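In our numbering, the protein residues as written are 15 to 336. For glycine and all other residues, C-beta sits at the position ideal for the given N, C-alpha and C. Everything numeric in this text was worked out from a predicted model, so none of it was measured.
Below is the structure:
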């Protein structure tokens, strides 16, 4: 099969397409014929070796999430069958990621694609969606009537978090860097979109919510986050995914969290997505052979939505959707 893999940790130039064997599957696993692979900052960290523990085997195929069609099921798998359209989130598997024509993955780390999503949208959703729900539901406990500030809201996690907070009945204020990001947030129908390059967070929030916000989901760090913390009301709560640089302050209740795949997490994600209109904004679609370019695009920043790899190719993808 074709796969995009690295032979050593390093920069985007390490990503090379080559032929490798199709992975075998254990009894609890399924083999997915990949349509789409998501690309996120976690892939960049993996490429750089941020989580290396010495057990990695090269060539190493990246790609934490994606979508496709089941090609084979393990002997102990009874909830899926060949031909099912699924999306998945790798967690602990060691046989390679979604930057390949086939991926072996635990059956507990995949789920049927939610109604209303195509392979491309679904391929960019698992890590972003499960992480966003972990922040909105588990870390912050967002509920109807609250005001939530999503800081750094234009990436995959942020755009999902905005919509999930709306699903919970919250009023949503969100930040972006630049007019294009504000345009995306307006399309997602946030109550207030703030361009941190040209607007002050504190003044903007106070104009629409004089008492501040009940919850802050911090998806970006820096000076703007310091300003965002200034509008968190007394007794409010902040949360941030591991990997975001968060400087704690006395008197502010804050916690870190991770998105973890499980049947329960996927069921909650599907229920939330299917509860109304949902958009996984696609910021760019690249061929498998152009994974290096896709990583460079992500590292340049100001990505508004999700970058994906069209592993199956255009013709195959059309056939999958048809």
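Residue range 296-301 is occupied by the beta strand (DSSP E) that includes residue 299. DSSP places residue 124 in the strand class (E or B) of the three-state scheme.
Secondary structure of residue 116 (DSSP, three-state): strand. The C-beta distance from residue 325 to residue 49 rounds to 6 Å, short enough to fall under 8 Å. Secondary structure of residue 39 (DSSP, three-state): coil. The Cβ neighbour count for residue 79, taken over all protein chains shown within 10 Å, is at least 16; the residue is labelled buried.
Residue 104 has no beta-bridge partner at all, per DSSP. For residue 248, the secondary structure class from DSSP, reduced to helix, strand or coil, is strand.
According to the DSSP assignment, residue 215 belongs to the alpha helix (DSSP H) that extends over 215-222. Around the beta carbon of residue 116, a 10 Å sphere encloses 16 or more other beta carbons of the protein chains shown; the residue is thus reported as buried. When DSSP states are grouped into helix, strand and coil, residue 308 belongs to the helix group.
Here residue 175 is near residue 146, since their CB atoms are less than 7 Å apart. For residue 264, the closest alpha carbon among the candidates 281, 246, 273 is that of 246. Counting every other CB atom within 10 Å of its CB across the protein chains shown gives residue 278 a total below 16, marking it as exposed. A direct Cα-to-Cα measurement between residue 231 and residue 100 gives close to 29 Å. Nearest to residue 28 by alpha-carbon distance, out of 60, 205, 143, is 60. For a cut-off of 8 Å, the C-beta gap from residue 295 to residue 173 is around 5 Å, short enough to register as a contact. Spanning the alpha carbons of residue 91 and residue 130 requires a straight line of approximately 26 Å. Here the alpha carbon of residue 17 sits roughly 10 Å from the alpha carbon of residue 36. DSSP places residue 176 within a helical segment (H, G or I) once states are collapsed to three.
With a cutoff of 7 Å on beta-carbon distance, residue 42 and residue 148 are scored as not near each other. Around the beta carbon of residue 57, 16 or more other beta carbons lie within 10 angstroms, which makes this residue buried.
In this structure, the CA atom of residue 197 is about 26 Å from the CA atom of residue 51. If you check the CB distance, residue 266 and residue 299 do not come in under 7 Å.
In this structure, residue 133 lies away from residue 218, with their beta-carbon atoms at least 7 Å apart. Under the three-state reduction of DSSP output, residue 33 falls in the strand class. Judged by DSSP in its simplified three-state form, residue 53 adopts strand. Secondary structure at residue 228: strand, using DSSP grouped into helix, strand and coil. With a threshold of 16 other beta carbon atoms within 10 Å, residue 177 meets it and is buried. Counting the other CB atoms within 10 Å of its CB gives residue 224 a total below 16, which places it among the exposed residues.
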